[in-house]
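Structure follows, in structure tokens:
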């Protein structure tokens with residue numbers, strides 16, 4: 004077996020998820036990230052229930068402790084880097100998916116949406132920028148989460164995210180969310196069809212020019 008990492012349930016599941024995500028992205032295109040985002044928002048709310056009651060506001064320190072703990076609990080190696088009243092910065096030496104995440108870098112949207120969704124519910128607002136990503140070949144990850152709108156740097160905003168009622172199930176998907184995902188998928192399909200039409204038109208123009216060239220000869 005050489006130096007290959009021994010097979011385990013965690014490694015197998017990580018590979019299975021990343022390969023599914025890879026195929027999903029190849030199937031639906033760039034909209035795959037939106038699906039991951041919605042799943043991450045729901046999953047983040049479920050994870051919150053392990054730390055405190057619903058709708059309880061957190062301090063920046065508490066928020067940072069939770070997002071690091073949840074990542075480390077599922078196999079990551081995260082640590083708090085900086086904490087301010089308006090933002091926190093965390094870093095990681097290892098991803099819960101391991102280096103396998105490079106098979107499907109858009110899975111990083113799961114980190115963004117989990118962190119951002121929790122920030123929106125517990126801090127009132129979240130804007131997440133994935134500064135560095137193991138999935139893109141960086142040595143580690145660096146993530147900043149803002150608790151107030153800012154133009155200081157780019158990021159994905161999370162705000163006005165609904166909170167599931169007490170004793171409710173966050174994984175019961177609202178019809179509105181499903182319709183939104185269907186609409187995004189429809190846009191993706193239309194974009195692909197448009198590209199195909201443009202390719203066919205280009206091929207037609209090339210053939211016409213070839214015919215004109217032959218006639219001139």
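In our numbering, the protein residues as written are 4 to 220. The beta-carbon is built from N, C-alpha and C at its ideal position, and this holds for glycine as well.
Between which residues of its own chain and residue i is the CB-CB distance below 8 Å, once the five residues before and five after are set aside?
i, result
"residue 129", "118, 119, 120, 121, 122, 123, 148, 149, 150, 160, 161, 162"
"residue 50", "73, 117, 121"
"residue 102", "137"
The alpha helix (DSSP H) that contains residue i, what's its start and end?
i, result
"residue 66", "63–76"
"residue 59", "Run containing residue 59: none; DSSP gives neither H nor E here."
"residue 41", "35–51"
Can you look up residue i in the DSSP assignment and give me helix, strand or coil?
i, result
"residue 81", "strand"
"residue 4", "Residue confidence is low: residue 4 scores 45 on pLDDT, short of 50, so the model does not pin down where it sits. No coordinate-derived value is stated."
"residue 130", "strand"
"residue 95", "strand"
"residue 136", "coil"
"residue 166", "coil"
"residue 171", "coil"
"residue 107", "coil"
"residue 205", "helix"
"residue 100", "coil"
"residue 27", "helix"
"residue 10", "coil"
Among the residues of its own chain, which have a CB less than 6 Å from the CB of residue i, if the five just before and after it don't count?
i, result
"residue 222", "A query on residue 222 cannot be resolved here, the shown segment of the chain reaching from 4 to 220 and no further."
"residue 105", "138"
"residue 74", "81"
"residue 67", "83, 86, 91"
"residue 156", "132"
"residue 173", "45, 48, 49, 167"
Locate the beta strand (DSSP E) running through residue i, then write down its first and last residues.
i, result
"residue 156", "That residue, residue 156, is in no beta strand (DSSP E); it is neither H nor E in DSSP."
"residue 145", "144–149"
What does a CB cutoff of less than 7 Å around residue i pick up in its chain, not counting 5 residues either side in sequence?
i, result
"residue 135", "141, 143, 144, 145"
"residue 21", "100, 103, 104, 106, 107, 110"
To which residues does DSSP link residue i through a beta bridge?
i, result
"residue 90", "149"
Report yes or no: is there a C-beta of chain B within less than 9 Å of the C-beta of residue i?
i, result
"residue 151", "Of the protein chains in this structure there is only one, and it is not chain B."
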